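Protein chains in written order, with the working numbering: chain A, 777 to 1231; chain B, 64 to 1140.
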């Protein structure tokens, strides 16, 4: 009888065609490469925390944006009165963990492989580790303590409790140090395009996370690596800064043109379609505070070059409005969103040096200011220098997802946003709520973040 | 258009004539064959009287009187044996039989007036060439002296001889060796007649009286992997025979079964030719509502490709006892279709031809142009808005136009069906050939059609006493050209102010963007062709008399091609693009089923055992591509060749299935019956941890009336059987590879490189949903079968339904498909009543009534609590499956004319997929059934079949709010118009206003749904059978059928049956002819 069933087992074996069963997805270098590309594809998803979507959410949460869209989710962000059922919040959470699953699965399946080219294997694992660390970095910014899923075992992940944010940060640090070793040096391996993760991207995120963790020395070390790397430079013309594969770009996300499936709609969020006679007003405009934050050169009376590059005016409907012109291309994505660029590294090093009272902080700030057509900074003392860095970060890195975490990590959120949104800001608004459906499906995710527990 | 149709009819008529001619030639040659082989003997009669006369002397006297001479040996023939008998004009051979009675001697009458006498056994071999062959004829009648045409008469010898009775109940064996035979006569609806007969010279025509057995208990019913007499049946099985099927002038075999079978719910989805038919046996067992397993001659096949006239019988298996033998595929019931095979006897050619005129049963009345314009203007007035040509262009169009789109675009269509078959058989070989053509045109104006060409053959051969083999092939080619599916909706809501014709008299094809012009919509089409090739071959070997081995090998090759093309002229606006999609699919199923059958009788015990196996292997692929071109490239070909590719897909779905099964039937004293079934199935569709599953059933029956005490009381006039069964079945109709994690490849590229990502979670434990079925029933026959009742109660419960286990997204996924805790209860009563209220020599009225009550309940499904909101508003614990959700409409506020809905969550807004969304109805009926009558009076036959459904809700087509730019049903004329109006219909509101947004929610509320219960006179057929013996025909029947003639229903929309927004069902007038040579 036993024999009969063994042969029956054979009788009913089938092999899927047209889909790849997951064990085959990591079978060989080509499939693994496609799987890695699949993770980047996930980053592009609408509503994720990786593409233009999160620029608008951070801008709405902080003081960068004026929100005009009637979408309930966005209005909740702009008033910091967020429902536990907010679908945009769910999307951020879901997409991050989707990416994390793909990374976990790839790392688990590729690590034991012995028949792969070591360079390729390291690269694949490095990319996955980087993207997993980056996902947790973003999750921790949004939600604070989050479950740390490091395997693809859904049974375990389905009942995980939230890990303290310090533990998440330790994990990120560890992973990035490892990824830096594994990842390829420079863009040559990718044919010169800056749309995949390299050692330099890991250094850039490392510099950023060390800064956030106030490990100033490490932040200086990592940012210096990039500043001193001649692959990167600061173009004089801001049009060159924004375009795809800019010399300043450390990592940017690839998008197809509008006709294909993964069109980046970032420009559509911010820029009116001026090819139409009466274009609709975009849902997110730069706040007056941001528009006014751009300085004018006191000597030449010329405005900050960045204001001209990043902000435009639309006259209809009357009386007109300023709109963000950082993501300009509505159709072909010639200006792919940059996750990391060199200007941020200068400002990281400036801030870290100022914190340690080391020389060079002002010089780093001046690199940024001089390119913008502004005079050198007048800041001298530590607090002046830190204020100067914050100001440059506000204008230089506006709508790139920095303002919100900057206000929180520097302890300025209550002061700045309390003044900016006096009727709605509450100290507990620094974190988003864990989506209610998630707590419904896994009660170990309790307690809900403070301020959302009575919803 | 009309002219073209007429021309086509003539053309077809011509074809028919040619076919007639061919048939006559075939018939002629057949008759010739029969006449040649028939030999004629003169009759010899003798009168003798012997009183203790020695045999030798007796023979001498007979020699003198008859002129025949005896040849025999004194050593063999007991010449001294004394004979006593007397005969008056006795037939010679009969006389000899009497004379030789009690000896082992037999006589043979030879051609040269010589009679040989020899020992019985020894003689046979020697006499092979010179055997006395006779013509033997007889007549088969019933108790009322009515001849029984079509009865099978068999003479059982080593070589079985068989014949079939003609119209007058007469049969004839032209060439039979004289001797003793067992004669066996079978006729459907009558008990098998069996007797010993001595065929001797000139025994003359014998008359056999068959005992009627209305809805006979002796009827043989096909069950899973075998047959059973109805009397011995434990399971719940319903049978529909060819006779009932061919009465229905329908395309799909399933449609022909509507209203005939208790527990079988058939619903035609639309009146579009070739549209699918939905079928459910005993309700819905699972949230993954599967369909019954349909087997055509053992192999899974699409019934749309089987010509109903090729079908011998359809058996519907319902309970555990009958379906457990199909194990993992049995949960939703099983439909077994047996196609026709040749019958032993004279060859027969028969032609069935009919033509039908079809039209929609009912169109929903819609507003005229004046009414439409009045309501539109009223909407703006109600909302105090002055409309302009910009926001209400329809109110500035030519207001003299009044188009009733339904009247313009629905017309009477022609359907034709011709089937020719040729069958017969000898002792060694039976054969069946059929071919046919069906052409059904659409009630929607235009050249829309569904055509089917079918060919079928079947041969059964007896190769030796022990070995039989046979096979058959059925091929169907179908060709479809249909309009886009939404046309019925478009006709319904198209504005009556759009002219149907242009000023030049042609169909108006102007675009009225944003309003749809139905004429433009009709320029798009879907064309498809399909091939189904079904084949089977079997061998049947009798290992020894009790043990039999049979293997069936069947295959089904299905392929199809489709193209949908929407030219730029079909779009709403003038400057659309052409778009098309093209697909090809191909599949092959191979099914191998070896079986061992054992049967043994010992004393009062009867034991039958079956052991078998199944191996099924299905492979297939589907390719699709969609392309589009700008409007300047006008035709379909250019769009395929030069178009921009939208999507391309290619998929394969391999499916393999292997099982072993066994069944034991035990019968004791003809009244205690027991049956046990076990099946172990392996399916490629399930996870490695649960690839195999075991299913079983146990059933028993007790024939009360076989009990001696009842026997002595009632005799054989009453039959009462009580039966019950319990068991488990499963369903594996879930598609392939759901247990593995797959990484779809058709994601968007990254940096123009391919991407893959894990698309779902693997569940290696995925297994069948298990349905436990309980059935108890009774079969009661009274008054010598003039009343027969079959009643059943069933209750089934499904657990472990494949459903989403909703997961925390931390897992990376929203859900994993799993066998979830969750129970569906399905129970019901079924009653089938057959009566012969009146019968005499000339008139016979039979009536049959069936009704099925269904109660369906989702008892629990805990996972619903965490379901995503779309999934949440599909099911409700405590309610049936197949629910309709919507807002609870509470009428019109007499002050404002605004529609009121129940605000369940009390948040002031009415929002779908929130608690405001409630269960407002269901699609599963509470009850359904049929009432079918046949009246025979001399040569006339009249059939009146009806069918009914109760307790279903259907949307009656409100497409938009009242006052919006869509046409509406006339029921909106009773809308609210001024303060104080008490009405059910809210006021007209200008599009875009808050009032319009509120009022348009009536579409999603119970306002838009209506009770679609109905009682329908399904089929009225009057036929006349002509006396046509002189023409060489054995049967000629002409008939007229009215199908779907009357429907009683309160439903406000068009036809209550079928889906919403589809072409209504067909009312059909048919004239037909059945001819048998």
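Ideal Cβ placement from N, Cα and C applies to all residues, glycine included.
Since we're looking at a predicted model, the values are computed, not measured.
Within the present structure, is the beta-carbon of residue 828 of chain B separated from the nearest heavy atom of the ligand GDP by less than 7 Å?
-> This structure lacks the ligand GDP, and indeed carries no ligand of any kind.
Return the chain-ordered list of same chain residues with a C-beta closer than 6 Å to the C-beta of residue 1136 of chain B, the five sequence neighbours on each side being excluded.
-> 416 and 1101
Cα-Cα, which of A:992, A:946 and A:930 is closest to residue 868 of chain B?
-> A:930
Please compile the residues from chain B whose C-beta is within a distance smaller than 8 Å of the C-beta of residue 877 of chain A.
-> 821, 874, 875 and 876
Residue-chain proximity (residue 813 of chain B, chain A), Cβ-Cβ < 8 Å = yes
Shortest alpha-carbon distance to residue 1011 of chain B belongs to which of B:322, B:131, B:876 and B:297?
-> B:322
Determine, using beta carbons only, whether residue 856 of chain B comes closer than 8 Å to chain A.
-> no
Within 8 Å, strictly: CB atoms of residue 1171 of chain A and residue 1069 of chain A = yes
Which runs of the beta strand (DSSP E) spanning at least 3 residues fall entirely within the stretch 689-751 of chain B, listed in chain order?
-> 707-715, 718-731 and 735-746
Does any CB atom of chain B fall closer than 8 Å to the CB of residue 1032 of chain A?
-> yes
At least three beta-carbon pairs within less than 8 Å, the stretch 1094-1114 of chain B to the stretch 982-991 of chain B = no
So with Cβ pairs under 8 Å, would you call residue 1228 of chain A a contact of chain B?
-> no
So, is residue 978 of chain B buried or exposed, given that buried needs 16 or more other C-beta atoms within 10 angstroms?
-> exposed
Validate contact between the stretch 469-484 of chain B and the stretch 382-395 of chain B using beta carbons, cut 8 Å, 3 pairs | no
Interface residues of chain A around residue 816 of chain B at Cβ under 8 Å?
-> 809, 810 and 813
Given a cut-off of 8 Å, decide if residue 1008 of chain B and residue 995 of chain B are closer than it, judged by their beta-carbon atoms.
-> yes
Amino acids of chain A, ordered along the chain, whose beta-carbon sits closer than 7 Å to that of residue 825 of chain B | 798
Using DSSP with H/G/I as helix, E/B as strand and the rest coil, what is residue 1152 of chain A?
-> coil
Decide yes or no for the touch test of the stretch 1148-1160 of chain A against the stretch 1076-1089 of chain A: beta carbon pairs closer than 8 Å, at least 3 of them.
-> yes
Going by DSSP, what residues sit across from residue 622 of chain B in a beta bridge?
-> B:594 and B:649
If we ignore side chains and look at the alpha-carbon of each, how far apart do residue 630 of chain B and residue 917 of chain A end up?
-> 52 Å
If you draw a straight line from the C-alpha of residue 897 of chain A to the C-alpha of residue 1003 of chain A, how long is it?
-> 28 Å
Beta-carbon proximity of residue 1112 of chain A to residue 971 of chain A, cut-off 8 Å = yes
Please check if any C-beta of chain B sits within less than 8 Å of the C-beta of residue 870 of chain A.
-> yes
Just how far apart, CA to CA, sit residue 597 of chain B and residue 394 of chain B?
-> 25 Å
Taking only the alpha-carbon atoms, compute the straight-line gap between residue 319 of chain B and residue 926 of chain B and give it to the nearest angstrom.
-> 40 Å
Do the CB positions of residue 601 of chain B and residue 615 of chain B come within less than 8 Å of each other?
-> yes
Drop a sphere of 10 angstroms on the beta-carbon of residue 802 of chain A, count the other beta-carbons inside from all chains shown, and report buried for 16 or more, exposed for fewer.
-> buried
In chain B, which residues lie with their C-beta within 9 Å of the C-beta of residue 933 of chain A?
-> 870, 871, 873, 874 and 875
Does the pairing of the stretch 824-844 of chain B with the stretch 360-374 of chain B give three or more beta-carbon distances under 8 Å?
-> no
By DSSP, does residue 896 of chain A sit in helix, in strand, or in coil?
-> helix
Given that a residue counts as buried once 16 or more other Cβ atoms are within 10 Å of its Cβ, and exposed if not, what is residue 1051 of chain B?
-> buried
CA nearest to the CA of residue 657 of chain B, picked from B:288, B:770 and B:155 | B:288
Does the stretch 869-884 of chain A come close enough to the stretch 947-964 of chain A to have 3 or more Cβ pairs within less than 8 Å?
-> no
Extent of the continuous beta strand (DSSP E) run through residue 343 of chain B | 340-344
Between residue 678 of chain B and chain A, is there a C-beta pair that is closer than 8 Å?
-> yes
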